Amino acid sequence: MIIIGFCRNTSKILPRLFCRNFVHTAPILVRKSDLEMWQFVKFNKIVKIPLKLRDLNILSKYGWVFIVLDNCNANYTNVRYVISCVQLAKNMIGLRNWRIQTPDALYKELSKHTNRTQ
Numbered sequence: 003m004i005i006i007g008f009c010r011n012t013s014k015i016l017p018r019l020f021c022r023n024f025v026h027t028a029p030i031l032v033r034k035s036d037l038e039m040w041q042f043v044k045f046n047k048i049v050k051i052p053l054k055l056r057d058l059n060i061l062s063k064y065g066w067v068f069i070v071l072d073n074c075n076a077n078y079t080n081v082r083y084v085i086s087c088v089q090l091a092k093n094m095i096g097l098r099n100w101r102i103q104t105p106d107a108l109y110k111e112l113s114k115h116t117n118r119t120q
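Once you know that position 25 of the sequence shown is 27 in our numbering, the rest is easy, because the numbers rise by one and skip nothing.
So this is what it looks like as structure tokens:
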């Protein structure tokens, strides 16, 4: 199971210019008893942050929105040479749509997908 988190705040300049609603995304891997957020920092640098369920509640109070993908397994093979947070999330869930380049587009696609499965 993977949780994809979307944020409205960032300190980077380019996402502020090109993204409208959400400016950052981060995949969260669900392990047996804990969570691990893969935070894209820059090219070839991904930071793994350990989280608890309490941390997700705190992040949601600060504007993060989460989409839970139940039937999705993480793909670790293509994450070395990603160039954006959206590409990291797409590679982790196995989404191969070149039109999705912003967190807004990824959120729209995943929310359509999760609405179909419910």
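Beta carbons are placed, not taken as given, at the ideal position from N, Cα and C, and that holds for glycine.
Predicted model, so just to flag it, every value in this text is computed and none were measured.
- If you ignore the 5 residues before and after Val32, its C-beta comes within less than 8 Å of the C-beta of Met3, Ile4 and Ile5, all in its own chain and listed in chain order.
- Burial check for Tyr109: the Cβ neighbour count within 10 Å reaches 16 or more, so the residue is buried.
- Along the length of the segment 45-94, whole alpha helix (DSSP H) runs at least 4 residues long occupy 55-63, reported in chain order.
- Check the Cα spacing between Val25 and each of Cys74, Lys34, Trp40 and Phe8: the tightest is with Phe8.
- The distance from the Cβ of Ile48 to that of Val81 is about 7 Å, consistent with a contact at the 8 Å cut-off.
- Going by DSSP, Thr27 is part of no alpha helix (DSSP H) but of the beta strand (DSSP E) stretching over His26 to Val32.
- Cα atoms of Lys63 and Lys44: separation of roughly 26 Å, rounded to the nearest angstrom.
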